[in-house]
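Q: Got a structure for you, written out below as structure tokens; questions coming shortly.
Have a look at this one:
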């Protein structure tokens, strides 16, 4: 067994031994083991009755090897990230079945929990993702705003607009196959090697040059509105 397998077996056993934890769902590459490599983390949903959810969130001693936890973070959506002393990472949420119904998922597998949990997960995986579409207008506006901020000297904000928001929308617009339905940046290079390499090279440029390269790619690959493109190019002096 690999280190990944060892920890997963311990996690399942630890959850099964805690009477408060009624089910465990493996998510992402933890469910689709063909994708696991040395950088894969464990991604799971921990299921409990409503009254036990918050106590399990507040006290993580139910996790295996909990004495080896170097850091943990509770995010705004009540997801958790745990890092062990050896650098192993676990991402999880603790929820009841009603809360789980509001999640989204791609690859999943029920480690244990019974037919009710499986039924909920089938519905979760079948749900369309809200707002999961690229918008050419947002792409162009983010490039324009980002370059303006770069010229003003707001380098960090500029990078966020160009390499963050604009890139996300460009990736969504460029994709013809879905490698990861939850994150447009994940595995894009596997589905689109040439475009991926071109976009990676663009991200290594200074912000304005990155934005220009992204716009050239968008103009070549997408049917952009000519008036909108002209407005962006004209404002930035790009000819």
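In our numbering, the protein residues as written are 241 to 479.
Cβ atoms here follow ideal geometry from the backbone N, Cα and C, with glycine treated the same way.
Predicted model, so just to flag it, every value in this text is computed and none were measured.
(1) Starting from residue 314, trace the beta strand (DSSP E) in both directions and tell me its first and last residue.
(2) What are the partner residues of residue 267, as DSSP defines its beta bridges?
(3) Can you tell me whether residue 477 is buried or exposed, with buried defined as 16 or more other CB within 10 angstroms of its CB?
(4) Expressed to the nearest angstrom, what Euclidean distance is found between the alpha-carbon atoms of residue 343 and residue 350?
(5) Whose C-beta lies closer than 6 Å to the C-beta of residue 378 among residues of the same chain, with five residues either side of it excluded?
(6) To test your reading of the DSSP string, which unbroken alpha helix (DSSP H) runs of 4 or more residues are found completely within the stretch 356 to 416?
(7) Please classify residue 317 as buried or exposed, where buried requires at least 16 other C-beta atoms within 10 Å of its C-beta.
(8) Is the beta carbon of residue 334 closer than 8 Å to that of residue 382?
(9) CB residue 323 to CB residue 341, shorter than 8 Å?
(10) Does the distance from the CB of residue 444 to the CB of residue 436 come in under 8 Å?
A: By the coordinates alone:
(1) 309 to 314
(2) 348
(3) exposed
(4) 15 Å
(5) 409
(6) 376 to 392, 395 to 399, 407 to 414
(7) exposed
(8) no
(9) no
(10) no
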